[in-house]
Amino acid sequence: MKLFLITVKSVSHSSSPVQTVIMTAMMHLLLLILLGIAAGTDLEEKKGPFENTVLEVLEGTPVPFAIYQFQVGDPDVNSFRLSGEGKDDVRMSKDGWLYLENPLDWSREDNYIIKVEALANDKVVDGPIYVTINVLDVNNNAPFFNQSSYAAMVRENSPAGVPFTRVFALDRDDPTTPNADLRYSLVSQIPNMNHVPLFQIDPNTGEISTTEEGEHEARQSPGKDPDYTLIVRVQDLAGASETALTGNTRVHIVVQENLWVSPGPIHVVENWKTSYPQVIAKVQSNEPNAVYSIVQKERQLKFPFMITENGEIMLTEELDREDKDMYTLVVFAKDNHDKEVDPPMEIYVVVDDVNDNEPKCEEEESVFEVQEDEPSGSLVGQLLVHDDDKEGTLNSQLSYEIMFQFPATENTFLIDGTNGKIQALRSLRRKEQPTYSLDVRVSDSDFSTICKVVIKVIDVNNEMPLFEMTDYGSYTLAEDTPVGHTVLTINATDADDPDSGSSIIEFHISAGDDDKVFTVETDGKGIGHVVIAKPLDFESSTIYKLKIDARNPEPLMKGLEYGSESTAYVSVFITDIDEVPEFSLDVLDATVPENTTKGSVLLTVDAKDPEGKEIGFKLEGDSKDWLEIDADTGEIKTKQKLDREILESFEVTVTAFEKGEMSAERVVHVRLLDVNDNYPRLVETQGFICVGKPKPVVIKAVDPDSDPYSQPFTFALATNNNKKSPNWNLRQIDGTLTL
């Protein structure tokens, strides 16, 4: 749609009649142009019947502006009458165009309801109808702050992110639209010498707080008021558009000295000999009349602290660092209504160490072992001693010294004076001296103690176990020899010290028995029993050539290796025995319908002989002579009709036998399934009724079949053509009885 701008100057009262006529004509021309534009093809949607209608118009729309054309069916309509809200701001032409004569303002009124009547020669011929005009907001109002400037106070060291003041802005645009969606931001901070923002603003709420840098850097500036000035901006359209409208204000911030400062950490020497209670620190609230209280952060019973009315923190008794090396105190400052005037303050009290503990040996007697023939300088062990004084100080720094040795031989042991490690100064021989006793003095700067040390010289594994014979010959076992049977006993000796691990002998089958059929049981003293660990099976293996090694759990001395004297051999032959046939299944079941035809295979029994002999089968226990078995294949077939009503389930025995004397048996469980192969029959075939005194006769029926092939029954009288009997009647009692 094209827009036309027509300027019409007002006619003064002194205008001539000609001028008035000209101006009137121009106004009519303007209306004709307006209606001509509205009649364009792109405004067809602005036309409609003369009925109640809701229309929308943007506020501030230039006038005149065609809103909507009402099409009246009556051709005699030549004018319209408007009344109600907004009638002075809109007009209606003779051809039904409703047009805007004065611009609308959403902030003044956001909707109008106009009553419209269609007239013919000043007579109402249609209507009234009601036209609702909703005024749509446009972003034509800039946001503004409720104050041209703000003043605020913040204390030094105020925690970052905790608001201490707030700015607030308004917008006269529609609050339900983005036109009034406001965002706050900081434009500048004065002074800002290090170009580090000390303050921040919440973009949604306008709340101002210190940044992490501001928590530590915002300081009181003596002689200056205010200390800082912030330029704050507010934008509508959520601040996300280049066309957003803005407003600005200033926030003057004064930084006040924060008297509420922790005096910690406070250092107190343990076992402080003084009069108690003793002042160790003082706190001061920013509120002159604050009421102080103090608690311990940790949940512990002992709390040797108190606080006075003027904020002095008092220690009430001696402290012991070994009992507790630090306390965390929490101090509160509240008003007379128990409301906090300053945030809770944590104060750390550190208990300083003094040398009040002597060294303590970890063990009443420390025992170490060292192998004989170890080279000079070999480590024997480290003596463990602890001191409860503070670690890393001279109070707990220990020194070690050997004061006594038994037997007293020179150049035998050395102890490191700083860490307690004991070394052998020469090779030791167990035969010369099996044990040594030492007294070691351990000292800190003020105290010392004696620790007892025993050093045992243990035998080195320099002897190998030797078998009494390396070939134990051969043994023959029947394959049914039971598990646990001892095949033979073997023997080996070791010349190492019998009281050491070097002389213990263990036996291992290292070859000839991949399936672990045999094992060697021993008590470590050189006697071994070769026993059967798993059942023997001639068919799996007929001979075992066992290689048995004798070994020590302790490693051999460096340079030694086990030789052939530490290995023995034995052969075990397995003889076959005639074993019974083996069935493939332990449980044999067959479930078949009772009407199975003669010659049907119910089940095939499978069995094999461990020695591979030919197997035959036979069947026993068939009291009804219903079944037969194929002696070669094991197929069990029916040879007569089966009848569940005679026998519902039964068992037969199948025997698998060699062509010899060995045999095995299995029980076959047979269960017959019912089929409907029996007619129902009457229990009694005749009954008597006395005509003079007739009494009901109970008729009962039975069927050998089981449910669902038996009851319930239906009963009927046998009559010609299945017609109802004129003289007799049947009444059902249940599925088996009738009257």
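Each residue of the sequence shown is one higher than the one before, counting from 1 in the UniProt record's numbering.
Glycine residues also receive a C-beta, built at the ideal position from the N, C-alpha and C atoms.
In this text the structure is predicted, and so the values were computed from the model without any measurement.
- For E217, the uninterrupted alpha helix (DSSP H) segment begins and ends at 212–217.
- At least 8 angstroms separates the beta-carbon of A151 from that of F164.
- Note: G84 is bridge-paired with I114 in the DSSP secondary-structure output.
- In terms of Cβ geometry, E59 and V138 form a close pair [threshold 8 angstroms].
- Taking the Cβ atoms as the reference, V234 lies roughly 42 angstroms from Y292, outside the contact range of under 8 angstroms.
- DSSP, reduced to helix, strand and coil, places S571 within a strand of the structure shown.
- By the Cβ-count criterion, I733 is exposed, with fewer than 16 other Cβ atoms from all chains shown falling within 10 Å of its own Cβ.
- Collapsing the DSSP output to three states places S566 in a helix.
- L536 and R429 have their C-alpha atoms roughly 51 angstroms apart.
- Taking a cut-off of 8 angstroms for Cβ pairs, the region 255–269 and the region 166–176 do not touch, as fewer than three such pairs fall below it.
- In this structure G524 is not in contact with I509, their Cβ atoms being roughly 17 angstroms apart against a cut-off of 8 angstroms.
- D342 is positioned such that its CB atom lies no closer than 8 angstroms to that of N395.
- Secondary-structure assignment with DSSP links M326 through a beta bridge to V350.
- Between V279 and E312, the C-beta gap is smaller than 8 angstroms, which places the two residues in contact.
- T575 is classed as exposed because its beta carbon has fewer than 16 other beta carbons within 10 Å across all chains shown.
- Residue environment: T435 is assigned as exposed (fewer than 16 neighbouring CB atoms within 10 Å of its CB, all protein chains considered).
- Per DSSP, D126 is one residue of the beta strand (DSSP E) stretching across 123–136.
- Under the three-state reduction of DSSP, K46 is assigned to helix.
- Boundaries of the beta strand (DSSP E) harbouring R91: 90–92, taken from the DSSP string.
- Within 10 angstroms of the beta-carbon of C690 lie fewer than 16 other beta-carbons, which makes it exposed.
- At the C-beta level, L438 and I402 come within 8 angstroms of one another.
- Note that the region 533–552 does not touch the region 616–623; fewer than 3 beta-carbon pairs, one per stretch, sit closer than 8 angstroms.
- Judged by their CB atoms, L100 and P64 are nearer to each other than the 8 angstroms cut-off.
- Measuring C-alpha to C-alpha distances from Y228 to each of T210, E242, A238, G239 identifies T210 as the nearest.
- The C-beta of T633 has fewer than 16 other C-beta atoms within 10 Å across all chains shown, which makes the residue exposed.
- Taken in chain order, the whole beta strand (DSSP E) runs of length 3 or more contained in the region 334–389 are 340–352, 365–371, 379–382.
- Secondary structure note for G247: its beta strand (DSSP E) is the uninterrupted segment 246–256.
- Taking a cut-off of 8 angstroms for Cβ pairs, the region 211–220 and the region 109–126 do not touch, as fewer than three such pairs fall below it.
- Nearest neighbour of D703 by Cα position, chosen from V675, K613, D459, turns out to be V675.
- Here L394 carries a coil assignment [DSSP, helix/strand/coil].
- A direct Cα-Cα distance of roughly 14 angstroms separates V652 from D586.
- The residues E369, Q371, S500, in chain order, have a CB closer than 6 angstroms to that of I458 in the same chain once the five nearest residues on each side in sequence are set aside.
- If you draw a straight line from the Cα of S399 to the Cα of I266, it is about 32 angstroms long.
- Contact check for V232 against V154 fails: the beta carbons are separated by 8 angstroms or more.
- Separation of S443 and T328 (C-alpha to C-alpha, rounded to the nearest whole angstrom) is 34 angstroms.
- Partner residues in a beta bridge of Q711, as assigned by DSSP, do not exist.
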